[in-house]
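Residue 397, in the working numbering, is where the sequence shown stops; the numbers in between run on with no holes.
Beta carbons: idealized from backbone N, C-alpha and C, even for Gly.
It should be emphasised that the depicted structure is a prediction, and the values quoted were computed from it without experimental measurement.
Take a look at the structure below.
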Amino acid sequence: MYDVLLNNDYYKNLINTFSANVEFNSSLLPITNFNKINLSFIQKALNKSTGYDIVIKVPSCFDNLLQELYSNLYLFIANTQFYQNYINPDLTVGEILVRKIGKRNKKYKIISITNNQITLLEQKKETLKDFNGPATIYADKKNVIKEFVPITRPLKKESLNNFLKLFSSLNNLDINEDYFPTKFGSVSLFIGSKKMFESFRNISIYNGNLYNCIPCYYINRDGKESDTLGIEPLIYFAPTYSIAHQQFIKNNKGQNKIKVNNIVLFNDGFDELQQIISDQPENGFRILGICTTPIENRSNLIKYWDWLKEEINFIESL
């Protein structure tokens, strides 16, 4: 192995093969050649026909590279989920919508759907100063899809703007013209510490941060959920797999079942890896992991890539 470490051509070829001319996340976040290689491994693992489960080990002394990897992988997986959910929504009577464009977050409720026509009723409180009743809008379904997005709770206009701007940039969409999904039939589930999840607040992106630009539900150790944006989640984040399984996967059944595409382990949950593997056939998810310590009792169903300090330092020096 150490002979390979001294082979310049081997590592230059590794960089050229897995990171040259690759702009993950549209260069919205800084990323080194080392982590371009790691995200290329993940990208190949997610291939529908030739994909595989993978765990990548990075020594804990590379704190900055690990934070960069966690952040880029979080954004990369979120956008993969967004793209997979890019289908026309099944709007239903009773849903609350807000306009994508405009300074105010006026809410409208769908009160009827007839063929391709939708009737919306403005949701506002009656006041003595306001003599006008709530506005009623009659619109073509195509225009409603283009101009509005469904929400699950009140949200700040800037939060919605951050979401729209982020995913329009990543997918070359026009905020004024294109449909943006806010209801998702498939999600990814991340396992990691609350500290790591909160650290995404420090990753700036546009006028917001990685935490409040991506719709995510965090499930705490008591099973309580909190959301980052106010629309249905692309991602669930939990401190352990058992909590995620008890609160989400176990109850995720029936006609409205949401598909879990990926279980992503962020240096946590590896003590539950055998249980995750056991649940995999029933749920059909991919297993992806980033760890800093050796994995005991390795499964032959998962590919493992162990980076050495010397390798990382050498790649970073090129």
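Which residues mark the beginning and the end of the beta strand (DSSP E) in which residue i is found?
| i | result |
| --- | --- |
| T371 | Unbroken run through T371: none, as it is neither H nor E. |
| L199 | 196-202 |
| L268 | 265-270 |
| I180 | Looking at the DSSP string, I180 is not in any beta strand (DSSP E), and its letter there is neither H nor E. |
Relative to the C-alpha of residue i, which candidate in the options has its C-alpha closest?
| i | options | result |
| --- | --- | --- |
| F155 | L313, L176, H324 | L313 |
| K225 | K136, D385, L125, R178 | R178 |
| N401 | N143, T159, T307, K273 | Missing from the structure shown is residue 401; the chain here goes from 80 to 397 and no further. |
| E361 | T371, K329, Y383 | K329 |
| P260 | F276, L239, F269 | L239 |
| R280 | K332, I189, N194, Y153 | Y153 |
| C370 | Q160, E102, G271 | G271 |
| Q163 | G173, N86, K127 | K127 |
| L387 | V137, N158, T159, I310 | V137 |
| P294 | K274, Q326, Y315, G302 | Y315 |
| N331 | K382, L268, I366 | L268 |
| N104 | Y89, T96, Q122, N87 | Q122 |
| F364 | I133, F97, I180 | I133 |
| L118 | F97, M275, N143 | F97 |
| I135 | I381, T129, F161, D142 | I381 |
| N143 | I110, N86, Y90 | I110 |
| T171 | M275, R183, K220 | K220 |
| T198 | A218, R183, K185, N184 | A218 |
Answer with buried or exposed for residue i, where buried requires no fewer than 16 other C-beta atoms within 10 angstroms of its C-beta.
| i | result |
| --- | --- |
| L107 | buried |
| K235 | exposed |
| V83 | Unreliable placement is indicated for V83, whose pLDDT of 46 sits below 50; no coordinate value is reported for it. |
| R377 | exposed |
| K115 | buried |
| C140 | exposed |
| D169 | exposed |
| S283 | exposed |
| L344 | buried |
| T159 | buried |
| I180 | exposed |
| N346 | buried |
| L397 | exposed |
| Y90 | buried |
What residue range is occupied by the uninterrupted alpha helix (DSSP H) comprising residue i?
| i | result |
| --- | --- |
| N340 | Per DSSP, N340 belongs to no alpha helix (DSSP H); it is in the beta strand (DSSP E), 338-345. |
| Y290 | 289-292 |
| P360 | 352-362 |
| D142 | 142-163 |
Please go through the same chain and pick out, in chain order, the residues whose beta-carbon is closer than 6 Å to the beta-carbon of residue i, but skip the five residues on each side of it.
| i | result |
| --- | --- |
| I94 | N112 |
| L176 | Y187, F227, P229 |
| M80 | Only weak support exists for where M80 lies, its pLDDT of 42 falling under 50; the value from the coordinates is given anyway. There are no such residues. |
| E174 | I189, P229 |
| F368 | Per the sequence shown, residue 368 should be read as Gly rather than Phe. Closer than 6 Å at Cβ, skipping near neighbours: V134, L344. |
| P373 | none |
| S191 | T198 |
| A124 | G130, Y131, I133 |
Return the chain-ordered list of same chain residues with a C-beta closer than 8 Å to the C-beta of residue i, the five sequence neighbours on each side being excluded.
| i | result |
| --- | --- |
| P213 | L200, E201, Q202, K203 |
Leaving out five residues on either side along the sequence, give the residues of the same chain with a beta carbon under 7 Å from the beta carbon of residue i.
| i | result |
| --- | --- |
| N241 | Y285, N286, G287, N291, C292 |
| G309 | I230, T231, R232, P233, L234, S238 |
| E256 | K225 |
Is the shortest distance between the beta-carbon of residue i and the beta-carbons of chain B less than 8 Å?
| i | result |
| --- | --- |
| L352 | Included in the structure is just one protein chain, with no chain B present. |
How do the region 346-358 and the region 298-312 stand: do at least 3 beta-carbon pairs fall below 8 Å, yes or no? no
The region 330-343 / the region 261-281 touching (three or more Cβ pairs under 8 Å): yes
How about the region 339-355 and the region 317-329: do they share at least three Cβ pairs that are nearer than 8 Å? Verdict: yes, contact present.
Would you check if there are 3 or more beta carbon pairs closer than 8 Å linking the region 141-153 to the region 244-251? By the Cβ rule, the region 141-153 does not count as touching the region 244-251, because fewer than three pairs are nearer than 8 Å.
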